[in-house]
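S.K.: In this note's numbering, the protein residues as written are 70 to 267.
Heads up, the beta-carbon is just placed ideally off N, CA and C, and yes, glycines get one too.
(1) Tell me which residue opens and which closes the alpha helix (DSSP H) that residue 130 is part of.
(2) By DSSP, does residue 120 sit in helix, in strand, or in coil?
(3) Kindly give me the distance between the Cβ atoms of residue 232 and residue 250, rounded to whole angstroms, as I take these residues to be in contact under 8 Å.
(4) For the alpha helix (DSSP H) that contains residue 143, what are its first and last residues?
(5) Using only the alpha-carbon positions, how far apart do residue 228 and residue 75 sit?
(6) Return the chain-ordered list of same chain residues with a C-beta closer than 6 Å to the C-beta of residue 160, the five sequence neighbours on each side being excluded.
(7) Where DSSP assigns a beta bridge to residue 76, which residues make up the other side?
(8) Strictly by DSSP, which residues pair up with residue 155?
(9) Could you check the C-alpha separation between residue 138 and residue 197 for me, to the nearest Å?
(10) Can you say whether residue 111 is buried or exposed, counting buried as having 16 or more other CB atoms within 10 angstroms of its CB?
(11) So the candidates are 201, 145, 247, 185; which of them puts its Cα closest to the Cα of residue 176?
(12) By Cβ distance, which residues of its chain are closer than 8 Å to residue 81, with the 5 residues on each side in sequence left out?
Written out as structure tokens, the structure reads:
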């Protein structure tokens, strides 16, 4: 069947390496690596940035102040973007799926990472539509996030397949009626998609 396939970005389409962010920031901070990791993975400043409440410059100033790190804007951005690296196998799968299905990106992200991804990862060109937390002011797994996606796409939820590496996001998508898959590996994803006749 033809479907609208909705992909998460980080942890699905691109690899995430938190140590590439935390290690250099921790070296510049008087906080422990664990404390810096907690702040950059789940802290309120990062959440505010992903909700679009902070400009990149405000995010840089706020996060550096929080972790007691003195670092200029440009080197900070380079470190922050070190989180993301390409997954060529997933890019090939996305290209293959795009020949028969509408492809959509739905990501909890900030303007910094999105700009980097668009510049460096060819997979981003495959998508018909982006739903980005920092533009929407909503974060997965908020049900309102998924309703916003459905309202924007104007398709029945049963025609959508949502793919994310976080089970709580997958459950929230299922709660609004989408088919939804937890991403664990490309092999399992291919098997799961085959099970949906995709």
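M.R.: Short version:
(1) Along the chain shown, one-based indexing puts residue 130 at 61. Counting along the chain, the alpha helix (DSSP H) containing residue 130 begins and ends at 125-135.
(2) By 1-based counting over the chain shown, the position of residue 120 is 51. Note: residue 120 maps to coil in three-state DSSP.
(3) Within the chain shown, residue 232 is the residue found at index 163, counting from 1. Within the chain shown, residue 250 is the residue found at index 181, counting from 1. That pair is a contact at about 5 Å.
(4) Here residue 143 is taken as the residue at index 74 of the chain shown, counted from 1. Here the alpha helix (DSSP H) through residue 143 covers 142-150.
(5) For the purposes of this step, residue 228 is taken as the residue at position 159 of the chain shown. For the purposes of this step, residue 75 is taken as the residue at position 6 of the chain shown. Between residue 228 and residue 75, the alpha-carbon positions lie close to 11 Å from each other.
(6) Taking the first residue of the chain shown as 1, we reach residue 160 at position 91. Only 192 meet the Cβ criterion.
(7) If you number the chain shown from 1, residue 76 lands on position 7. Residue 76 is bridged to 174, 232.
(8) To locate residue 155, count along the chain shown from 1; it is residue 86. Partner(s): 83.
(9) In the chain shown, the residue the question calls residue 138 occupies position 69. In the chain shown, the residue the question calls residue 197 occupies position 128. So the alpha carbons of these two residues sit roughly 39 Å apart.
(10) Looking up residue 111 in the chain shown gives position 42. So residue 111 ends up on the exposed side.
(11) Reading the chain shown from its first residue, position 107 is the one you call residue 176. Nearest option by C-alpha distance: 201.
(12) Residue mapping note: residue 81 aligns to position 12 of the chain shown, counting from 1. For residue 81, where only same-chain residues beyond five positions count, the Cβ hits under 8 Å are 159, 232, 233, 234, 252.
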